[in-house]
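Let me begin by presenting the structure, written as C-alpha cells, before commenting on it.
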Amino acid sequence: MSVHLEQVAFRYPGSGFDALRDLSLEFAPGLVHLVTGRLGSGCSTLLLVIAGLAPHVTGGSRSGSVVTLGLDPGGSGRRDLAGRIGLLLPTPWTQLSGMAYTVAEEVAFGPANLGWNRDRIREAVDGALRLVELERFADRDPRTLSGGELQRVMFAAIVAMDPAVCLLDEPAMELDLETTEMIYQHLPALARERTVIVATTDLDRAVRVADRVVLLDGGSVIGEGNPADVLGTARAVEAGATTSAARIAYLAGIAPTFPLTVSAAVERFSR
Amino acid sequence: MTLGYRPGDGLLHRTHPFTTASLAGAVSVLVFVLPGVLAPWGLVAGLCVLAAVSGLLPVLGTAAAFSAPFWGFLILIHGVFRDDLGTAVVLAGRISAMLTVFLLLLASVHPGRLVDAMLERGAPFGLAYLFGATLQAVPQLQRRAAAILDAQRCRGLRVRGSLVRRARAVIPLAVPLVLGALAEVDERALALEIRGAGSGARRTPLDPPRDGAVGRLVRWFLLAAVTGAVLWRLLS
Amino acid sequence: MARLSSRLLALIPLAVGINLALGKFASATSLPLFLDTVGTVLVAALVGPAAAVVTGLVSQTAFTIVDGKLMWMAFLPVQLGIALYAGLAARYRMFASPLRAVASGLGLGVIAATLSWPISLLLFGGVTASGVTLVTTALTAVGVPLRWAVYGASLSSDLLDKAVTFLLVYVVLEALPRRMAVRFPAADRSRGRA
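Residue numbers (our numbering), protein chains in the order written: chain A, -1 to 269; chain B, 84 to 319; chain C, 97 to 290.
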C-alpha cells in the first residue's frame, strides 16, 4: 500500500466543522483510483492530506495517521517525499511557476528545484512534452497558451518529476474535450508503476479509466470498491455522485446495479 | 523607446551578467566619488562608446529621453533659482551615467539568465525565486489593474470630479485588485510546494551563462578602480 | 537566512505587483498619490514586519528595474523604514478602525519623508520623481532654501500618500472574508480582533 490513512480527521483553520472525519482508507499502486462525492464532500481535501499539503501549507489541524510512501507527508517525511508526490490542480494559471520564460522551463521547474542534473532534467522534460504532444511548444512563452494547452503543460510538469504517487484534483475542470480525453487516457499507463488518484465530479469520463472508486460524503467514506458496485447504486445517485447514464437508469426504474456508461446502458436496455 | 531586454548577440550580451552588473555598480559609485564637474560626463561618454560597440545604440535614445526631465528640473532649480550651474551639470551627469549604464544592463541581460547565474553562484532559492517571479508578477498585475479600471468605468465609475469623489473612486479599483491577488495565494503556494519549492535541495540552474577569465578580470579591475577612487577621495 | 515558506513565495511577488500596479489608479483619478507601498503595508498587516521588509526590498528592486532608473535603489532604507513601521502599527492593532489607520498613516508619512529627504537632497540635489520635484521647484523659486524645499515637498506628498495607503489597507482587511483572513498569522491582531 503506498497510501494509508487511519482515522484521519482534518479541519481547515477558522472552520466550524471537520472537512474529513474519521477517515480510514488505503490506496495501492498499479490502479487508477477515483475519489468522488458532491461538492464539499472532502475529495480535494483528501488529496491535500495525502500530499501533506494539508495542514503544512493550508494550515488547520489534522488528527489520525497518514502514511504516504512509508512516511508522514505533513510532518517528518516532508523533505524525503519532495518530488515523489505529484498534484495537478484545477486551474492552470495559478500553477504557473512564475519564473519560466518558455514551456520547457516551466516543465523543468519541479525537477530543477529537486536538484537534478541538467541531462536528467532535459530527458524528463522531453519525455513529458512528448507524452502530452506539446514538443513543438517547448520554446513558447507559457503566457501565450490557451487554458487547455497550459493544463497539458502542467500535467507534463507533474509527470516530469516522476512521482510515485500522482494526484489529480478536477484536472479537466477548465478544459476542452480533446485535452480532457488526452489526460484521462494517459492515466492507466501512468498507473502501471505508480499510484494514481483522481478526484473529480466529472464521472462520465473518469469512470472509463477507473479501477476503483471511493465515494465520500461530508468528509466520510460511504462507499468503496469497483466502479459498478459503488456508483451503480441508489445511494450514489442520491449522494449526487454518479454518472449520467446511471442517473437515467435509476429514474427509469431499472434495478441496481445501474449501468455506468452509455454503451453499458444501451446493452442493458436492449436485453 | 524601449525598456527592458533586447535580444541580441553583441559584446554586452555575451558578457556575464555579473560583470555587467559590476559595471553598473562601479559607475554608480564612481559618479559620486570622482572629482570635477565633468567626471560623470566622462563616464557617460565611455558608456556611449560601449553601447555603440555592443550594438545597443537605441538604448542611448531611451537614456536621453529618461534624463531629459531631470536635466530640466536640475537646470531650473540649481542653475536658475540658485544660480549654481556647476552643481546642475554634475548632478545631470550623475543621473545620466547611472541611467545609461542601468539601461544597458537591462537591455543586455535576460532576467532568466541572471537568475540562473545567481543560482550557479549559490544564491538561496528564495532570493532567486522572488527576483524571477516578481518580474513576471508585476506586468501581470498591471494588466489586471488596467482591466479592472476598464470594467469599473463601464459600470459607471466616475474618475473625475471633486477631490473627495476621486479619492473614493480608488476604493472600488484597488480593493478588487488586492482581494483577487490574495485569493490566489493559497493555490499558488500549493503548486509551488508540490513542485519542490520547499524541498531544501539546491536548485539546478537550467542555462547558466558561461563565465570566462576575461569577465572575472574585468570585475576585479572594476573593484580595484572603485576602491582606489574611494580611498584617494577620502585621503585627499 | 530562514527558508521562505511557499506561502510567502506566493504572496510576496503578488504584493510587489500590487505596489507597482496601484499607481495606475492614482494617475487615472489624477490624484497626487503614489500608492506604491500598499502591498508592503498589507504584508506587514497580514504576516508581520520581517516579511514586509522582504517585500519592501524586493519591491524597490523591481521598481528600479521596471522604471529603468538605477537611482531608485538609493531609497532602499526608506522601504526598510516603511516596512518596519507598518509591522509595528499592525502589532499595535492600528488597523482596527479607520481613524487609527489614518493617524498611523500620517505618522508614517512623517517618517518616510524624513528618511527620504537626506537621500534625495544629498545624492540627487533634490531632483527625483517629477511630481514631488515640481513642488521642490516651486518652493526654491520663491526663495526657500533647498534643504527645506526638498523636505517640504517630500512631506506634503508622503503625508497624503501614506494616510491613504493605511486607509486602503484597513478597507481591504475589513473586506477580507474570514476564511481567507485566518490563513494569515497577523491578520486578526492587526484588525484588533485578537
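Glycine is no exception: its CB is placed at the ideal position from the N, C-alpha and C atoms.
How many angstroms separate the CA atom of residue i from the CA atom of residue j?
{"i": "residue 314 (chain B)", "j": "residue 113 (chain C)", "result": "40 Å"}
{"i": "residue 167 (chain B)", "j": "residue 126 (chain B)", "result": "22 Å"}
{"i": "residue 245 (chain C)", "j": "residue 262 (chain C)", "result": "26 Å"}
{"i": "residue 133 (chain B)", "j": "residue 154 (chain B)", "result": "23 Å"}
{"i": "residue 281 (chain C)", "j": "residue 12 (chain A)", "result": "12 Å"}
{"i": "residue 116 (chain A)", "j": "residue 268 (chain A)", "result": "58 Å"}
{"i": "residue 28 (chain A)", "j": "residue 22 (chain A)", "result": "20 Å"}
{"i": "residue 288 (chain C)", "j": "residue 195 (chain C)", "result": "13 Å"}
{"i": "residue 147 (chain B)", "j": "residue 117 (chain B)", "result": "22 Å"}
{"i": "residue 251 (chain A)", "j": "residue 232 (chain A)", "result": "11 Å"}
{"i": "residue 269 (chain C)", "j": "residue 238 (chain B)", "result": "24 Å"}
{"i": "residue 162 (chain C)", "j": "residue 149 (chain B)", "result": "13 Å"}
{"i": "residue 80 (chain A)", "j": "residue 279 (chain B)", "result": "6 Å"}
{"i": "residue 277 (chain C)", "j": "residue 217 (chain C)", "result": "41 Å"}
{"i": "residue 181 (chain C)", "j": "residue 170 (chain A)", "result": "46 Å"}
{"i": "residue 274 (chain B)", "j": "residue 159 (chain C)", "result": "27 Å"}
{"i": "residue 209 (chain B)", "j": "residue 195 (chain B)", "result": "15 Å"}
{"i": "residue 164 (chain A)", "j": "residue 1 (chain A)", "result": "11 Å"}
{"i": "residue 271 (chain B)", "j": "residue 10 (chain A)", "result": "17 Å"}
{"i": "residue 85 (chain B)", "j": "residue 187 (chain B)", "result": "The pLDDT assigned to residue 85 (chain B) is 38, lower than 50, so where the model puts this residue is not dependable; a value taken from the coordinates is nonetheless given after this. Residue 85 (chain B) and residue 187 (chain B): Cα-Cα distance of roughly 11 Å."}
{"i": "residue 20 (chain A)", "j": "residue 4 (chain A)", "result": "8 Å"}
{"i": "residue 179 (chain C)", "j": "residue 173 (chain B)", "result": "33 Å"}
When you compare each of the options to residue i by their alpha carbons, which one comes out closest?
{"i": "residue 26 (chain A)", "options": "A:198, A:189, A:207", "result": "A:189"}
{"i": "residue 160 (chain A)", "options": "A:147, A:182, A:124", "result": "A:124"}
{"i": "residue 222 (chain C)", "options": "C:192, C:239, C:197, C:243", "result": "C:243"}
{"i": "residue 275 (chain A)", "options": "A:250, A:232, A:258", "result": "Any question about residue 275 (chain A) goes unanswered here, given that chain A covers just -1 to 269."}
{"i": "residue 66 (chain A)", "options": "A:140, A:-1, A:174", "result": "A:-1"}
{"i": "residue 109 (chain C)", "options": "B:222, B:317, B:291, B:300", "result": "B:222"}
{"i": "residue 77 (chain A)", "options": "A:227, A:153, A:113, A:238", "result": "A:113"}
{"i": "residue 203 (chain B)", "options": "B:290, B:93, B:244", "result": "B:290"}
{"i": "residue 174 (chain A)", "options": "A:247, A:167, A:217, A:149", "result": "A:149"}
{"i": "residue 252 (chain C)", "options": "C:199, C:264, C:228, C:239", "result": "C:228"}
{"i": "residue 197 (chain A)", "options": "A:88, A:154, A:120, A:105", "result": "A:88"}
{"i": "residue 157 (chain C)", "options": "B:241, B:301, B:211", "result": "B:211"}
{"i": "residue 46 (chain A)", "options": "A:127, A:8, A:187, A:94", "result": "A:8"}
Would you please state the rounded distance, in angstroms, between the beta carbons of residue i and residue j? I believe it to be under 8 Å.
{"i": "residue 107 (chain C)", "j": "residue 268 (chain B)", "result": "5 Å"}
{"i": "residue 217 (chain B)", "j": "residue 149 (chain C)", "result": "Between residue 149 (chain C) and residue 217 (chain B) the Cβ distance is about 15 Å, and since that is not below 8 Å, they are no contact."}
{"i": "residue 64 (chain A)", "j": "residue 83 (chain A)", "result": "Not really, about 11 Å apart at Cβ, beyond 8 Å."}
{"i": "residue 109 (chain B)", "j": "residue 305 (chain B)", "result": "4 Å"}
{"i": "residue 297 (chain C)", "j": "residue 152 (chain C)", "result": "The structure shown does not extend to residue 297 (chain C), since chain C is modelled only from 97 through 290, so no value can be given for it."}
{"i": "residue 273 (chain A)", "j": "residue 158 (chain A)", "result": "Residue 273 (chain A) is absent from the model: chain A starts at -1 and stops at 269."}
Could you list which residues in chain C have their beta carbon closer than 7 Å to that of residue i, in chain order?
{"i": "residue 161 (chain B)", "result": "221"}
{"i": "residue 55 (chain A)", "result": "102, 103"}
{"i": "residue 332 (chain B)", "result": "Coverage of chain B is limited to positions 84 through 319, which leaves residue 332 (chain B) absent and any answer about it impossible."}
{"i": "residue 204 (chain B)", "result": "The premise fails here: residue 204 (chain B) is roughly 15 Å from chain C at the closest Cβ pair, so nothing lies under 7 Å."}
{"i": "residue 72 (chain A)", "result": "Result: empty, since nearest Cβ-Cβ is about 14 Å, beyond 7 Å."}
Between which two residues does the alpha helix (DSSP H) containing residue i stretch?
{"i": "residue 313 (chain B)", "result": "296 to 318"}
{"i": "residue 104 (chain A)", "result": "101 to 111"}
{"i": "residue 65 (chain B)", "result": "Here chain B comprises residues numbered 84 to 319, so residue 65 (chain B) is not present and cannot be evaluated."}
{"i": "residue 167 (chain A)", "result": "It is not in any alpha helix (DSSP H) - residue 167 (chain A) instead sits in the beta strand (DSSP E) that spans 163 to 167."}
{"i": "residue 75 (chain A)", "result": "No alpha helix (DSSP H) holds residue 75 (chain A); DSSP gives it neither H nor E."}
{"i": "residue 184 (chain A)", "result": "175 to 189"}
{"i": "residue 229 (chain C)", "result": "226 to 237"}
{"i": "residue 37 (chain A)", "result": "No alpha helix (DSSP H) holds residue 37 (chain A); DSSP gives it neither H nor E."}
Within the continuous beta strand (DSSP E) that includes residue i, where are the two ends?
{"i": "residue 218 (chain A)", "result": "218 to 223"}
{"i": "residue 2 (chain A)", "result": "1 to 9"}
{"i": "residue 43 (chain A)", "result": "Premise fails: residue 43 (chain A) lies in the alpha helix (DSSP H), 41 to 49, not in any beta strand (DSSP E)."}
{"i": "residue 25 (chain A)", "result": "18 to 25"}
{"i": "residue 214 (chain A)", "result": "210 to 215"}
{"i": "residue 33 (chain A)", "result": "30 to 34"}
{"i": "residue 66 (chain A)", "result": "59 to 66"}
{"i": "residue 85 (chain A)", "result": "83 to 86"}
Residue i touches chain B at which residues, Cβ-Cβ below 9 Å?
{"i": "residue 144 (chain C)", "result": "What residue 144 (chain C) touches in chain B: nothing, since even the nearest Cβ is about 15 Å away."}
By the criterion of Cβ-Cβ separation under 8 Å, what are the contact partners of residue i in chain A?
{"i": "residue 285 (chain B)", "result": "113"}
How would you list, in chain order, the residues of chain B whose beta-carbon sits under 8 Å from the beta-carbon of residue i?
{"i": "residue 171 (chain A)", "result": "Those within 8 Å of residue 171 (chain A) in chain B number zero; the least Cβ separation is about 13 Å."}
{"i": "residue 119 (chain A)", "result": "287, 289"}
Starting from the beta carbon of residue i, find every residue of chain C whose beta carbon is closer than 8 Å, and list them in chain order.
{"i": "residue 181 (chain B)", "result": "165, 166, 167"}
{"i": "residue 196 (chain B)", "result": "By Cβ distance, chain C contributes nothing, its closest Cβ being about 15 Å from residue 196 (chain B), past 8 Å."}
List, in order along the chain, the chain C residues whose C-beta lies closer than 9 Å to that of residue i?
{"i": "residue 40 (chain A)", "result": "Correct list: empty, because the minimum Cβ distance to chain C is about 16 Å."}
Residues of chain A with a CB under 7 Å from the CB of residue i: which are they?
{"i": "residue 279 (chain C)", "result": "11, 57"}
For the ligand SAH, any of its heavy atoms closer than 7 Å to the Cβ of residue i?
{"i": "residue 82 (chain A)", "result": "No copy of the ligand SAH occurs in the structure displayed, which carries no ligand at all."}
Against residue i, what residues of chain A qualify as contacts under a CB-to-CB distance less than 9 Å, listed in chain order?
{"i": "residue 275 (chain C)", "result": "10, 11, 12, 13"}
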